[in-house]
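Notes to accompany the following structure.
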Amino acid sequence: MTTGTLITVAPTGAESAKTEVPALPVTLDELVLTARECEALGASVIHVHVRDGEGRPTLDQGRLRAAVAALRESTDLIVQLSTGGAVTDPEAHRLAVLDADPDMASCTMGTVNFGDDVFLNRWGFIVDLHGRMQERGIVAEYEIFDLGQLTALQRLLGRYGLPHGGHVHVDFVMGVPGGMPGTTATLVAAQQMLRDLPEGTTFSATGVGRTAIPVMLAALSAGGHLRVGMEDTVTYAKGRPVESNMQLVARAVGFAQLAQRPPVNTAEAREMLGL
Numbered sequence: 011m012t013t014g015t016l017i018t019v020a021p022t023g024a025e026s027a028k029t030e031v032p033a034l035p036v037t038l039d040e041l042v043l044t045a046r047e048c049e050a051l052g053a054s055v056i057h058v059h060v061r062d063g064e065g066r067p068t069l070d071q072g073r074l075r076a077a078v079a080a081l082r083e084s085t086d087l088i089v090q091l092s093t094g095g096a097v098t099d100p101e102a103h104r105l106a107v108l109d110a111d112p113d114m115a116s117c118t119m120g121t122v123n124f125g126d127d128v129f130l131n132r133w134g135f136i137v138d139l140h141g142r143m144q145e146r147g148i149v150a151e152y153e154i155f156d157l158g159q160l161t162a163l164q165r166l167l168g169r170y171g172l173p174h175g176g177h178v179h180v181d182f183v184m185g186v187p188g189g190m191p192g193t194t195a196t197l198v199a200a201q202q203m204l205r206d207l208p209e210g211t212t213f214s215a216t217g218v219g220r221t222a223i224p225v226m227l228a229a230l231s232a233g234g235h236l237r238v239g240m241e242d243t244v245t246y247a248k249g250r251p252v253e254s255n256m257q258l259v260a261r262a263v264g265f266a267q268l269a270q271r272p273p274v275n276t277a278e279a280r281e282m283l284g285l
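For the sequence shown, the numbering used here gives the first residue as 11, with consecutive numbering after it.
What follows is the structure in structure tokens.
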């Protein structure tokens, strides 16, 4: 069991609209402000989606590059760009996310039903994304929406080698309608399957919506790390909308400290992830 906790903040996502969630950070200034606030509390990684001038999800290269540059200038956070985008984004645009030169990028390990939509991740696309990250020196975080995707990851690493930096880190995305449930039993099963991956593999867990708290508690007790943020939940408690990403990071930090696994700083996080 690791002694510290890596806390990732996912502040925006591609699902919620600013009109429905006024606290959602969608402009560059809002993104940088929330990043600085969350770093001060204990976050060490920021998982980034960007929005256009009307607040809609976009993979525009100019906006991606501006976000990476601004976050590096204003924080010491590890900048992780989402290659998932929105479920409607074409593969070519998702691959081009890497041109913005982030520290890390996500690599989703399979297709999954996503509410009423389908989040498509063909095997060929996964292989291409993995290889491009290896070539460009971008560290991968493998997003796991269902348990079978861990077997796909084992296959990927066996055929095409370890990610850049040599360390394997996965994020269990739990509670998405169509994916694995956000329960302790599921997380335990997922953790057991990590034994088939390279020694030293680490994991974070993300609980979507009402699964946020049970997933955090289960992950901490199992030696895992945490991802929180308004991408994954916009309700702090029943009847209480989230006021800011700071609220969610502060709660995660509090839980980590109670578990006697305080947040790692950004230097420790870089060492852990092979950056």
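Just so it is clear, CB atoms sit at the ideal spot from N, CA and C, and this is done for glycine as well.
Item: Assign Gln267 to buried or exposed, taking buried as 16 or more other Cβ atoms, counted over all protein chains shown, within 10 Å of its Cβ.; Value: exposed
Item: Under 8 Å, with one C-beta from each stretch per pair, do the region 200 to 214 and the region 43 to 50 reach the 3-pair mark?; Value: no
Item: Let me know the alpha helix (DSSP H) ranges lying completely inside the region 101 to 127, each 4 residues or longer, listed in chain order.; Value: 101 to 106
Item: Thinking C-alpha only, which one of Leu34, Leu108, Ala115 and Thr85 is nearest His57?; Value: Ala115
Item: Suppose the cutoff is 7 Å on Cβ atoms and the five residues either side in sequence are ignored; what does the same chain contact list for Val244 look like?; Value: Ser26, Val31, Pro251 and Val252
Item: Return the bridge partner residues of Pro251 from the DSSP annotation.; Value: Thr245
Item: Out of curiosity, what's the CA-to-CA distance linking Ala343 and Met240?; Value: Any property of residue 343 remains undetermined from this structure, which presents the chain solely from 11 to 285.
Item: State the Cα-Cα distance for the pair Gln270 and Gln202, rounded to the nearest angstrom.; Value: 23 Å
Item: Which first and last residues belong to the alpha helix (DSSP H) in which Ser214 is found?; Value: Note, Ser214: premise wrong, no alpha helix (DSSP H); beta strand (DSSP E) at Thr212 to Gly217.
Item: Quick one, which of Gly52, Leu51, Ala53 and Glu40 has its alpha-carbon nearest His59's?; Value: Glu40
Item: Let me confirm a value: Thr13 is counted as buried when at least 16 other C-beta atoms fall within 10 Å, else exposed. Which label applies?; Value: exposed
Item: Between which two residues does the beta strand (DSSP E) holding Gln202 run?; Value: Unbroken run through Gln202 is the alpha helix (DSSP H), Thr194 to Met203; no beta strand (DSSP E).
Item: Residues in the same chain with beta-carbon distance under 7 Å from Asp99, minus the five sequence neighbours each way, listed in chain order, please.; Value: Leu69
Item: Looking only at its own chain, which residues have a Cβ that is under 6 Å from the Cβ of Asp127, when we skip the five neighbours before and after it?; Value: Val97
Item: Would Val58 pass as an interface residue toward chain B - the criterion being a Cβ-Cβ separation below 8 Å?; Value: Protein chain content of the structure displayed is limited to a single chain, and chain B is not contained in it.
Item: Less than 6 Å between C-beta atoms, sequence neighbours within five positions excluded: which residues of the same chain meet that for Phe129?; Value: Val97 and Val122
Item: Taking Cβ positions, are Leu285 and Val149 nearer each other than 8 Å?; Value: yes
Item: What does the Cβ neighbour count give for Gly52, buried or exposed, with the cut at 16 atoms within 10 Å?; Value: buried
Item: So the candidates are Arg165, Ala110, Ala33 and Phe213; which of them puts its Cα closest to the Cα of Gly134?; Value: Arg165
Item: Are the beta-carbon atoms of Met119 and Gln159 separated by less than 8 Å?; Value: yes
Item: I'd like the span of the beta strand (DSSP E) that includes Thr22, first residue to last.; Value: Unbroken run through Thr22: none, as it is neither H nor E.
Item: With DSSP as the reference, label Val263 as helix, strand or coil.; Value: helix
Item: What's the C-alpha gap between Thr276 and Pro112?; Value: 15 Å
Item: Exposed or buried, Thr37, counting other C-beta atoms within 10 Å across all chains shown (16 or more means buried)?; Value: exposed
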